[in-house]
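K.L.:
Take a look at the following structure, please.
Protein chains: 2
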Amino acid sequence: MNIGQAARASGISAKMIRHYEATGLIPKVARSLSGYRHYGERDIHTLRFIRRARAAGFNTAQIKKLLSLWQDRQRPAREVKQLASEHLAELKARIIELELIAQALTQLVDHCHGDERQECPILDNLARED
Amino acid sequence: MNIGQAARASGISAKMIRHYEATGLIPKVARSLSGYRHYGERDIHTLRFIRRARAAGFNTAQIKKLLSLWQDRQRPAREVKQLASEHLAELKARIIELELIAQALTQLVDHCHGDERQECPILDNLARED
DNA sequence: GCTTGACCTTCCAACGATGGTAAGGTCCAA
DNA sequence: TTGGACCTTACCATCGTTGGAAGGTCAAGC
Chain A
11 MNIGQAARAS GISAKMIRHY EATGLIPKVA RSLSGYRHYG ERDIHTLRFI
61 RRARAAGFNT AQIKKLLSLW QDRQRPAREV KQLASEHLAE LKARIIELEL
111 IAQALTQLVD HCHGDERQEC PILDNLARED
Chain B
11 MNIGQAARAS GISAKMIRHY EATGLIPKVA RSLSGYRHYG ERDIHTLRFI
61 RRARAAGFNT AQIKKLLSLW QDRQRPAREV KQLASEHLAE LKARIIELEL
111 IAQALTQLVD HCHGDERQEC PILDNLARED
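Going down the list, the sequences are from chains A and B.
Count along the first sequence from 1, then add 10; that gives the number in the numbering used here.
Count along the second sequence from 1, then add 10; that gives the number in the numbering used here.
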């Protein structure tokens with residue numbers, strides 16, 4: 011499998027596959043005589059793992075840990091759970107932060123009549139003098 | 011007022027004030043003979059406006075529009091409301107996206123016993139074969 | 001054999017917002 | 001005059017991803 015096929019099979023762009031290799035998230039794969047990268051089923055499996063972890067919001071460093079935990083048969087579930095829990099806590103904190111912003115903004119938007127007049131609570135609030 | 015004082019008064023770092031000037035978000039301010047930037051009350055007011063807009067999650071392009079709407083006495087509230095509504099819609103979409111991720115992750119974390127055993131639904135899910 | 005087009009390679013740059021650091025000039029008070 | 005706080009510009013880094021440029025490879029069709 012060339013990198014294009016691996017990209018289609020894994021859902022990760024060829025660009026990113028090269029990037030993951032360059033940054034050490036995945037090992038360097040075998041090459042053909044002309045330098046083309048070759049991928050096997052195991053590589054695709056790993057790439058899919060990465061795609062799902064990214065979709066779950068894990069960053070590269072976390073994915074690196076997840077990968078090594080995945081490949082370590084001896085790992086205790088505890089470690090994985092802790093990593094995921096930390097990520098989940100960050101996610102929840104982020105959600106709350108965004109919700110607070112959205113709440114305040116909703117308030118302002120609701121109070122803005124939004125017609126041709128010039129008075130606007132949204133701008134007034136951003137420009138307030140306190 | 012020098013840039014340091016302006017930074018303290020506005021809550022925006024000197025670094026970012028220079029950056030905003032370089033990228034055209036704020037106009038170039040007057041300089042002393044030796045090249046020091048000088049800020050007046052109006053400038054501080056503008057910087058505070060920007061800080062609040064950033065805190066509300068608006069990006070630079072949106073803030074640029076907000077600033078020009080703020081400075082245009084003739085602007086209809088409609089335009090401001092539309093801009094804010096679009097941003098709010100993006101915020102809400104983002105929140106939902108994160109909530110879906112958090113929900114799925116919570117599910118997995120809850121089902122992982124997290125002890126010394128090796129079986130782990132979290133890794134199993136990321137590595138699933140479908 | 002040659003052309004064409006799809007594919008691959010590496011390298012370099014950009015996004016957006018912010019932080020850091022380095023090398024140097026300025027201001028003010030002791 | 002010296003020291004320290006402040007300012008200047010310029011460059012590099014982050015994070016994940018995308019884009020482009022310049023060039024090599026492969027396979028099919030003529």
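Every residue, glycine too, gets a C-beta built ideally from N, C-alpha and C.
Can you give the beta carbon distance from A:A99 to B:Q128, rounded, assuming they're within the 8 Å contact cut?
P.N.:
Position 89 of the first sequence holds residue 99 of chain A. Position 118 of the second sequence holds residue 128 of chain B. The Cβ separation is near 24 Å, so there is no contact.
K.L.:
Starting from the C-beta of A:R41, find all residues in its chain whose C-beta is less than 8 Å away, skip the five residues before and the five after it, and write them out in chain order.
P.N.:
Taking the first sequence and counting its residues from 1, the one referred to as residue 41 of chain A is at position 31. Correct list, in chain order: R47, H48.
K.L.:
Nearest to B:K91 by CA position, among A:L79, A:Q113, A:D53, A:H123, is which residue?
P.N.:
Position 81 of the second sequence, counted from the first residue, corresponds to residue 91 of chain B. For the residues A:L79, A:Q113, A:D53, A:H123, the minimum Cα distance to B:K91 belongs to A:H123.
K.L.:
Tell me the residue span of the alpha helix (DSSP H) that contains A:D82.
P.N.:
If you number the first sequence from 1, residue 82 of chain A lands on position 72. From DSSP, A:D82 is part of no alpha helix (DSSP H); its letter is neither H nor E.
K.L.:
Apart from the five residues on each side of it in sequence, which residues of its chain come closer than 7 Å, Cβ to Cβ, to B:K74?
P.N.:
Counted from its first residue, the second sequence places residue 74 of chain B at position 64. Result list for B:K74: L35, in chain order.
K.L.:
Taking a cut of 8 Å between CB atoms, which residues from the segment 76-87 of chain A lie near chain B?
P.N.:
Here the close residues are L76, L79, W80, R83, Q84, R85, P86, A87.
K.L.:
Anything in the segment 11-30 of chain B with a Cβ closer than 9 Å to a Cβ of chain A? List those residues in chain order, please.
P.N.:
Against chain A - using a Cβ distance shorter than 9 Å - the segment 11-30 of chain B contributes no residues.
K.L.:
For the alpha helix (DSSP H) that B:A19 lies in, which residues bound it at each end?
P.N.:
Position 9 of the second sequence, counted from the start, is the residue given in the question as residue 19 of chain B. First-last of the alpha helix (DSSP H) with B:A19: 13-20.
K.L.:
Distance cutoff 8 Å, beta carbons only. Does B:Q72 sit that close to anything in chain A?
P.N.:
Here residue 72 of chain B refers to the residue found at position 62 when the second sequence is read from its first residue. No - not a single Cβ of chain A is within 8 Å of the one on B:Q72.
K.L.:
Confirm, please, whether the CB-CB distance from B:H97 to B:Q81 is below 8 Å.
P.N.:
The residue you call residue 81 of chain B lines up with position 71 of the second sequence. The residue you call residue 97 of chain B lines up with position 87 of the second sequence. It is not a contact, given that the beta carbons lie outside the stated cut-off.
K.L.:
Give me, in chain order, the residues of the same chain whose beta-carbon lies closer than 8 Å to that of B:L67; leave out the 5 immediate sequence neighbours on both sides.
P.N.:
Sequence index remark: in the second sequence, residue 67 of chain B carries index 57 (1-based). Reading off the sequence shown, one finds Gly at residue 67 of chain B, where the question assumed Leu. These residues qualify, in order along the chain: H97, L101.
K.L.:
For B:L136, does the count of other Cβ atoms within 10 angstroms reach 16, so buried, or fall short, so exposed?
P.N.:
Walking along the second sequence from the start, residue 136 of chain B turns up at place 126. So B:L136 ends up on the buried side.
K.L.:
Could you tell me how far apart the beta carbons of B:I60 and B:A19 are, in whole angstroms, since I believe they sit closer than 8 Å?
P.N.:
Start at 1 with the first residue of the second sequence, and residue 60 of chain B comes out as number 50. Start at 1 with the first residue of the second sequence, and residue 19 of chain B comes out as number 9. Contact flag wrong, Cβ pair sits at about 13 Å.
K.L.:
Applying a beta-carbon distance threshold of less than 8 Å, which residues of chain A neighbour B:A114?
P.N.:
The residue you call residue 114 of chain B lines up with position 104 of the second sequence. In chain order: A66.
K.L.:
Alpha carbon to alpha carbon, how far is B:R64 from B:A32? Give it in angstroms, no decimals.
P.N.:
As a first step, residue 32 of chain B is located in the second sequence; it is residue number 22 there, counting from the start. As a first step, residue 64 of chain B is located in the second sequence; it is residue number 54 there, counting from the start. If I take the Cα positions, the gap works out to 18 Å.
K.L.:
With B:I132 and A:A103 assumed to form a contact (beta carbons below 8 Å), what rounded beta-carbon distance in angstroms separates them?
P.N.:
The residue labelled residue 132 of chain B in the question sits at position 122 within the second sequence. The residue labelled residue 103 of chain A in the question sits at position 93 within the first sequence. Contact flag wrong, Cβ pair sits at about 20 Å.
K.L.:
Could you name the residues of chain B that A:Q128 contacts, counting a contact when the two beta carbons are closer than 8 Å?
P.N.:
Taking the first residue of the first sequence as position 1, residue 128 of chain A is located at position 118. Ordered by position in chain B, the residues that pass the 8 Å Cβ test against A:Q128 are R83, Q84, R85, P86, A87.
K.L.:
How big is the Cα-Cα spacing for A:I111 and B:L115?
P.N.:
Position 101 of the first sequence, counted from the start, is the residue given in the question as residue 111 of chain A. Position 105 of the second sequence, counted from the start, is the residue given in the question as residue 115 of chain B. Distance between the alpha carbons of A:I111 and B:L115: 24 Å.
K.L.:
Can you tell me whether A:R104 is helix, strand or coil according to DSSP?
P.N.:
By one-based count along the first sequence, residue 104 of chain A stands at place 94. Looking at A:R104 - three-state DSSP - the assignment turns out to be helix.
K.L.:
Interface residues of chain A around B:D53 at Cβ under 7 Å?
P.N.:
Along the second sequence, one-based indexing puts residue 53 of chain B at 43. The premise fails here: B:D53 is roughly 14 Å from chain A at the closest Cβ pair, so nothing lies under 7 Å.
K.L.:
To the nearest angstrom, how far is it from the Cα of A:T70 to the Cα of A:L77?
P.N.:
Position 60 of the first sequence, counted from the first residue, corresponds to residue 70 of chain A. Position 67 of the first sequence, counted from the first residue, corresponds to residue 77 of chain A. C-alpha separation (whole angstroms): 10 Å.
K.L.:
Hey, which unbroken runs of the alpha helix (DSSP H) at 4 residues or more fall wholly within the segment 29-80 of chain B?
P.N.:
51-65
K.L.:
Hey, how far is the Cα of A:Y30 from the Cα of A:E107?
P.N.:
The residue you call residue 30 of chain A lines up with position 20 of the first sequence. The residue you call residue 107 of chain A lines up with position 97 of the first sequence. If you take the alpha carbons of A:Y30 and A:E107, they lie about 31 Å apart.
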